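Q: My structure is below; once you've seen it, I'll send some questions.
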Amino acid sequence: MAASPFIQEEEYAGGRFDWGLWRRILGHARPHRTWFWTMVGSGVALAGTETLMPLCIAWITDEAVAGRADAAFVMYAVLYGVLVTVFSAIVWLFIRAAGRLSTGVAFDLREQGFARLQELPFSYYDTRPTGWLVSRLTSDCTKISSLLPWFLLDLAWGSCFLSGIVIAMLILDWRLALWVLVIVPPLVIISWYFQRKLLQSSRLVRRSNSITTGVYNEGLMGVRTTRALAREGESLREFQQQSDDLKRYTVRNSLQSAVYLPCIISLGAVGVGMAIWKGGIEIQLGSDLSLGGLIAFMQYAVLFSMPIQEIASRITDMQAAQAAAERIQTLIETVPDIRDAPEVVEAMGRATAGGPEDGGRPDISSIEFKHVDFWYKPEEPVLLDFNLRIREGQSVALVGATGGGKTTIASLAARFYEPQRGEILLDGVEYRRRSLHWYQSQLGVVLQTPHLFAGTIRENIRYGNLDASDAEIVAAAKLVNAHAFIEAHDGGYEAEVGEGGTRLSVGQRQLIALARAVLADPQVFIMDEATSSVDTETEQLIQSAIDTVLKGRIAFVIAHRLSTIRSADVILVIDHGRIVEQGSHRDLLDAKGRYWRLYTRQEAEEEGARHRPGT
Amino acid sequence: MLRDTSTAHPMFDRIHTIWSLLEGQRIRYGAALGSLIVASVLLYGVPIVPQVVFDAVLTDEVREGSWPERMGLWALGGREFLSENLWMAAVAVIGLTVLAAVATYFRGRWVAIAAESVVCRLRDRLHDHLNHLPCTWYDEAETGDVLQRCTSDVDTLRNFLAMQAIEIGRAIAMIIIPLPIMFMMDVPMTVASIVLLPLIICSAVFFFGRVKSIFREKDEAEGRLTACVNENLHGIRVVRAFARQEFEREKFHERNDEHRRLDYKLYAVLAWFWAASDELCFAQKALVVILGGYWVAVGSLEIGTYYFFIAAVSMYVWPVRMMGRLLAELGKAVVAVDRIHEILESPVEVVTGNGTPESSDRSGCLVFDRVDFAHGETPVVRGVSFAVEAGKTLAVVGPSGSGKSTLINLLLRFYNPDAGDILVDGLDIKTLNRQQHRRRMAVVMQDPFLYSRSIHDNIALSRRGASDEEVHLATRIACIHDSILEFDEGYETVVGERGVTLSGGQRQRVAIARALLQQPDILVLDDALSAVDTRTERMILEAMRDRHGRQTTIVIAHRISTLIAADDIIVLDAGRIIQQGNHEQLSSQEGLYRRLWEIQTTIESTEERTS
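Here the protein sequences line up with chains A and X, keeping their order. Plus 31 on top of the position in the first sequence (first one is 1) and you've got our numbering. Plus 1290 on top of the position in the second sequence (first one is 1) and you've got our numbering.
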């Protein structure tokens, strides 16, 4: 269970019913309009049969009271049987239609949401936890799509059934009908009032529930820390508070339902009472109302509350789901800032097979940053008028303090972000005029914390080049010194790495990530050198693997190890978004500037510890 | 440790388990059951009123009614009175229903309070129990699984106690209570009114028993879908880096499609069930309507009685169908109880000893004497002996998996050694009170855990009543004070799962501050500076050295530069001490230490991060 199960529910602030939003959500039903109208039609047909059933019983009763077990009686009996069967058939139909509509809408929402997530820039991911995004595609989609068909059905059924009952009663005896309909206003008001109450209290329950889950989770994750600090007692007290809150909210919610339903039943009884009192008097006086008609009235009085309850609860369901609807709709409608420009898309339409998809130059022999400005927040510029040019076969080491802009330069080079001002040129062509997909296919990116996908080692390396043969995979592994440990590993190349690669050590994951990048055979290599502690011997393997990988490519390396730095063609010392020094290792040492101070300080540190003369 | 399925307990044990959970709330449940019965009786009283009106007032025939009908007529004031005052009937209908509604309210109220109290107590018990389970238990348990048992299984049980149990009870009451009344009124009609019920119940039980596998398949598909999204999003940077969006979309499409198919399959079979069972329920009602109508027509049934049967069958037939479904799902609650109980029945850490060292002895000297420990069959620590004088620093070095962290776990009594003794201030730690023993020590791990609360509270929780000055002193030594002040909310910034994510180095330093504030007798740094850059590391170590002599310190590290100043260094390999001495001695003799030292100085692994 890697997804954080207790992402806090973001409650919809206003709580007002947002028609515009729901219209857009209903728009997702458009490809399934057959099923959409089947639901609406079923609702109407269902209401029709249900209105007829009490009438049919009334006719049978009247025949029976008159002592006639004749053809008319049989006809009514058959009619009743037909109504029952039609009713069941409609039930069958609408559940299947609901299934089509609900699964279809969920499928579409997920496809669109997922596709959108593949395009959104990293700035989108920077502010949202993964677990949060996962629940958008899982629980939010389920919530919306499973609500939609029942909303349609109940709205159509409820309004038709209400009208049907009213019409039937008016036809049977309009005066009596008015007496029975006395219960309608209080029924509507009470349903509305309690549904709102229930909506509010169930939100509290849900929130409290997710916090409780969070506390459990924290308890499990931090169990050793809690023990080591010997604070089991405090931990229990804190939990009990939370647990008591949850209990209080749940009981409150249940009590509200416990009042609501009896109120509805009692109001129904008022309708029945009215019918039997006033209707009874009419029959005593010998009016047109038959005994069967009176029985129908009494049944209608009881049935009346059903559609009102259902409609009220569907509307509150929609309100409860509004936050989810808004989140998923916003996700789908977000336009990624980094995408192919219209002229690139057009060029891709014209491109001939074989070459790059946008019809441009197939290889990259230089990358140039020209007067580049970049910021995440306008008041804090990260890069200002940044210039740099790298040619084929050159590697650039980016050195400097954290926050100085090293990672930003690498991200801009990878087009994970785009500069706000200035341009980045591939052989003189602004990279925004090339296809994003083509350019990123030319990159090999290795991140500080390498991520592997669940699957085998082989599958993970193959991710670099989906068409690679097994021999090529082994060759790549050999090139980065990973082959030996993979062979020694239980299961070899077929060993499962676990979710996120957790069954391998950090060092092993780094080697596999390198092999994956090598297999892609990228023209441009972008690497954030890892700093996490791996054991000394693995570190040596990684170091020599990096040297092999960088050879002969355009390479950007955010360097931490002195040996990587030293072997780079160009070293950029970055500080506050500017290159403060630039040159080869020798040049920079001779300049005795910031690089020299940085370097000698590290040297001295190690020297002091080393008890031997300087290098 | 935790089983997957629960078939081990016989049914009786399970019922007994549920019964024992109800302790303290049984009277409430009893009262709720009582009001449920009262409400059902009253509700069946309601259709007797129209029945009396029809037979006694609105039709001409004068006949002796059945016993319930005569009672009803008497209660309504007799034939003469009622026909003059028909409003009495309305009052009776409304009165009976309102009384039933009040009883229903109390049923709901008592059940809610009882069920939530039971569940709340169970949650507290679970949480407390989890805090006292031994670490060996956690080694084998999966967090996700345990979490699920504590949340969704508890929720399943809650649903059972608060709703399903009472729904089943209601369905039984609704069918049992009218039976005698119906038999008194008319035997053939009664038979006609219940003849299809067994079929309705059995088909529901049978159906939901059969479709369980479809539900499970769908849940599994949903799990795969979630896993797929989760994987993709966690690795989104890799996806982009290799421009594999298309590949990922196809992979997702496959899972999404599979999920859609299975989800629809469920709808399709449920459509059959609900349609068929509706047909059955209506058939039961139609039987009453048509057969009864015929008997009325031929004069063997009174119209009022006919009405009563129609009303009654409408009241019980749908609850009975629901009961069939609930019975089929009863298994879920039983499985949930089993899964919860597996946690509660796991034995807690054994309470041994209650010894407390005299305060004058609390200097923090530490001895490991021929300690052995194995994880299952694999020996992890073998014959380890060493001694650290009070206030001195011991460094431990060795390759991954050599048993370094296990030494710490043994010292903290997360595990007990298989052989050998660990002595603190001359006392065997087995004889000490576990919590007091742990309070004397502070441990900082490589990947320290921070609670989801403010930074200040995270640090201050190691010592109750610590002043802000003391907290700030600790954060200054740990070189994190300034970084904390840079956050928008400073010390009040919430961190952890529901707050700001700190970097590894920041977490390590907050944890060091927490440990320092505790003023422990023994401080353990288990690779606790690995994510801190070398310069900051040196500053922290120097600041701590200024406090030297105040506590015994154990340092585990990969970086030799961290270990150099230690009074004594032990080198572990495969659970044994292979070398011991200070840096001077070890670096001048052949062995693992010198080899590591040489590799590190040639790689010159270093960094210049100042985060």
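Don't be surprised by glycine CBs; every beta carbon is placed ideally from N, CA and C. These numbers were taken from a predicted model, which means no experiment stands behind them.
1) Please confirm whether MET200/A has its beta-carbon closer than 8 Å to some beta-carbon of chain X.
2) Measure the C-alpha to C-alpha separation of GLN1841/X and GLN1809/X and round it to an integer number of angstroms.
3) So is HIS607/A in contact with chain X if we call contact Cβ pairs under 8 Å?
4) Would you kindly report the start and end of the unbroken alpha helix (DSSP H) that includes SER274/A?
5) Tell me the DSSP secondary structure of THR1307/X in three-state form.
6) Does the beta carbon of THR1394/X sit closer than 8 Å to a beta carbon anywhere in chain A?
7) Check distances from the C-beta atoms of the stretch 464-492 of chain A to those of chain X and list, in chain order, the residues that come in under 7 Å.
8) Nearest chain A C-beta to ASN1520/X closer than 8 Å, yes or no?
9) Following the continuous alpha helix (DSSP H) through THR65/A, name the residue where it begins and the one where it ends.
10) From the DSSP output, in three-state form, read off PHE1663/X for me.
11) Give the secondary structure of PRO1669/X by DSSP, where H, G and I count as helix, E and B as strand, and everything else as coil.
12) Over what stretch of residues does the beta strand (DSSP E) that includes ASP139/A continue unbroken?
13) Among TRP469/A, ASP389/A, MET558/A and THR82/A, which has the Cα closest to the Cα of PRO14/A?
14) Start and end of the alpha helix (DSSP H) containing TRP308/A?
15) Run down chain X in chain order and give the residues with a C-beta less than 9 Å from the C-beta of GLU423/A.
16) Does chain A have any CB closer than 8 Å to the CB of TYR1334/X?
17) Any Cβ of chain X within less than 8 Å of the Cβ of ASN418/A?
18) Which whole-angstrom value describes the C-beta separation of PHE192/A and ALA78/A, a residue pair presumed to lie in contact below a C-beta threshold of 8 Å?
19) Return the residues of the stretch 250-263 of chain A that lie within a Cβ-Cβ distance of less than 9 Å from chain X, sorted by chain order.
20) With 16 other CB atoms within 10 Å as the buried threshold, where does SER1895/X fall?
21) Report back the beta-carbon spacing between ARG1399/X and ALA289/A to the nearest angstrom; my notes put them in contact at under 8 Å.
22) Leaving out the 5 sequence neighbours to the left and right, which residues in its chain are closer than 7 Å to MET329/A when beta-carbon positions are compared?
23) Using a C-beta cutoff of 8 Å, does GLU40/A count as contacting chain X?
24) Does the separation of the CB atoms of VAL1657/X and LEU1702/X fall below 8 Å?
25) Does chain A have any CB closer than 8 Å to the CB of PRO1340/X?
26) In the DSSP assignment, what are the bridge partners of SER397/A?
27) With a threshold of 16 other CB atoms inside 10 Å of the CB of GLU461/A, please say whether the residue is buried or exposed.
28) If you measure beta-carbon to beta-carbon, which residues of the stretch 86-107 of chain A are closer than 7 Å to chain X?
29) Could you confirm whether any beta carbon from chain A is found closer than 8 Å to the beta carbon of ALA1531/X?
30) Which residue's Cα is closest to the Cα of VAL610/A: VAL427/A, GLY189/A and THR257/A?
31) Would THR1826/X pass as an interface residue toward chain A - the criterion being a Cβ-Cβ separation below 8 Å?
32) Report the three-state DSSP secondary structure of ALA1380/X (helix, strand or coil).
33) Under a CB-based cut-off of 8 Å, is TYR1554/X close to chain A?
34) Which residue comes first and which comes last in the alpha helix (DSSP H) that contains GLY1786/X?
35) Looking only at C-alpha atoms, which of ARG283/A, ILE440/A and THR173/A sits nearest to PHE225/A?
36) Taking any Cβ of chain A, which residues in the stretch 1357-1387 of chain X have a Cβ under 9 Å from it, in chain order?
A: So, to answer that:
1) no
2) 8 Å
3) no
4) 263-305
5) helix
6) yes
7) HIS468, GLN471, SER472, LEU474, VAL476, LEU478, HIS482, PHE484 and ALA485
8) yes
9) 64-96
10) strand
11) strand
12) Note, ASP139/A: premise wrong, no beta strand (DSSP E); alpha helix (DSSP H) at 102-150.
13) Outside the displayed range of chain A (32 to 646) lies residue 14/A, so it cannot be described from this structure.
14) Per DSSP, TRP308/A belongs to no alpha helix (DSSP H) and is neither H nor E.
15) None at all; the shortest Cβ gap to chain X is about 20 Å.
16) no
17) no
18) 4 Å
19) GLY250, LEU251, MET252, GLY253, VAL254, ARG255, THR256, THR257, ARG258, ALA259, LEU260, ALA261, ARG262 and GLU263
20) Note that SER1895/X has pLDDT 40, beneath the 50 cutoff, so the model's placement of it is unreliable and the number below is only indicative. So SER1895/X ends up on the buried side.
21) 5 Å
22) VAL303, ALA306 and ILE307
23) Because the pLDDT at GLU40/A is just 42, under 50, the model does not fix this residue reliably, and the point stays unresolved.
24) no
25) yes
26) ARG422/A
27) exposed
28) ILE88, ILE91, THR92, GLU94, ALA95, VAL96, GLY98, ARG99, ALA100 and PHE104
29) yes
30) It should be pointed out that residue 610/A corresponds to Ile in this sequence rather than to Val. Selected option, being the one with the closest Cα: VAL427/A.
31) no
32) helix
33) yes
34) Taken as a continuous stretch (DSSP letters only), GLY1786/X belongs to no alpha helix (DSSP H), as it is neither H nor E.
35) ARG283/A
36) SER1373, LEU1376, TRP1377, MET1378, ALA1379, ALA1380, VAL1381, ALA1382, VAL1383, ILE1384, GLY1385, LEU1386 and THR1387
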